[in-house]
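Working notes, structure below.
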Amino acid sequence: MVFNRMDSATYLASLLAKNFSRALQERSQKLGFAPGQFPVLLELWTEEGLTQKQLLDRLDIEQATMANTLSRMERDGLINRRKHPDDRRAQQIFLTEKAKSMEADAKAAALAADQSLLSGFRRFERELMLEYMRMAIANSARS
Numbered sequence: 006m007v008f009n010r011m012d013s014a015t016y017l018a019s020l021l022a023k024n025f026s027r028a029l030q031e032r033s034q035k036l037g038f039a040p041g042q043f044p045v046l047l048e049l050w051t052e053e054g055l056t057q058k059q060l061l062d063r064l065d066i067e068q069a070t071m072a073n074t075l076s077r078m079e080r081d082g083l084i085n086r087r088k089h090p091d092d093r094r095a096q097q098i099f100l101t102e103k104a105k106s107m108e109a110d111a112k113a114a115a116l117a118a119d120q121s122l123l124s125g126f127r128r129f130e131r132e133l134m135l136e137y138m139r140m141a142i143a144n145s146a147r148s
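Following my numbering, the numbering of the sequence shown begins with 6 at its first residue and continues without gaps.
Dropping the structure here:
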């Protein structure tokens, strides 16, 4: 059996993820965040005061990666950590004013990255691609 990487969903998904990340990085650097921080920001824009464990559960990121990401976000002035009022071992994570003020621009940058990589797609093609991506992600969660 001959392996053709251009017929491999795994290879293409990896390449596509790298390209989307690069497209977001070009836009996010100007705003003061890294693409790897964007999922955390999205969760915290929706609900502040989450713990690291809650973020891990929601984002399916490795513990060490999350710890490093949060440390960089704290260093970059995007988050503050506070002692959890009910759990001495946990800390809640809150956005700084800097992070709050960049929400609209960051989401616009992500949309622009999407649009640049999906240019030429008709609306139904884009919707189908997103649906297929969701299906593949759901399949991977089951296995």
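Even glycine gets a Cβ: it sits at the ideal position worked out from N, Cα and C.
Every value quoted in this text rests on a predicted model; they were computed, and no experiment measured them.
As assigned by DSSP and simplified to three states, the class of residue i
{"i": "Arg-63", "result": "helix"}
{"i": "Arg-86", "result": "strand"}
{"i": "Phe-99", "result": "strand"}
{"i": "Asn-9", "result": "coil"}
{"i": "Ala-72", "result": "helix"}
{"i": "Ala-39", "result": "coil"}
Range covered by the alpha helix (DSSP H) that runs through residue i
{"i": "Arg-131", "result": "128-147"}
{"i": "Phe-43", "result": "43-51"}
Candidates the options, of which the one nearest residue i by Cα
{"i": "Ala-146", "options": "Asp-65, Asp-12 and Leu-55", "result": "Asp-65"}
{"i": "Gln-59", "options": "Leu-83, Gln-30, Gln-34 and His-89", "result": "His-89"}
{"i": "Ile-142", "options": "Met-6, Ala-14 and Asn-9", "result": "Ala-14"}
{"i": "Arg-80", "options": "Gln-42, Asp-92, Ala-111 and Leu-116", "result": "Gln-42"}
{"i": "Leu-135", "options": "Ser-76, Leu-21, Phe-99 and Gln-57", "result": "Leu-21"}
{"i": "Val-45", "options": "Lys-23, Ala-72, Glu-130 and Arg-131", "result": "Ala-72"}
{"i": "Leu-75", "options": "Pro-40, Arg-139, Arg-10 and Asp-92", "result": "Pro-40"}
{"i": "Ala-114", "options": "Gln-30, Asn-85 and Asp-12", "result": "Gln-30"}
{"i": "Met-78", "options": "Ser-26, Phe-99 and Arg-131", "result": "Phe-99"}
Whether residue i touches residue j by CB criterion (7 Å)
{"i": "Gly-54", "j": "Gln-97", "result": "yes"}
{"i": "Leu-122", "j": "Ala-28", "result": "yes"}
{"i": "Gly-82", "j": "Thr-101", "result": "yes"}
{"i": "Asn-32", "j": "Ala-117", "result": "Here residue 32 turns out to be Arg, not Asn, going by the sequence shown. Yes."}
{"i": "Ala-111", "j": "Leu-36", "result": "yes"}
N- and C-terminal bounds of the beta strand (DSSP E) containing residue i
{"i": "Leu-122", "result": "No beta strand (DSSP E) contains Leu-122, which is instead part of the alpha helix (DSSP H) from 108-122."}
{"i": "Phe-25", "result": "Element bounds for Phe-25: not the beta strand (DSSP E) but the alpha helix (DSSP H), 14-36."}
Residues sharing a beta bridge with residue i, DSSP
{"i": "Thr-56", "result": "Gln-97"}
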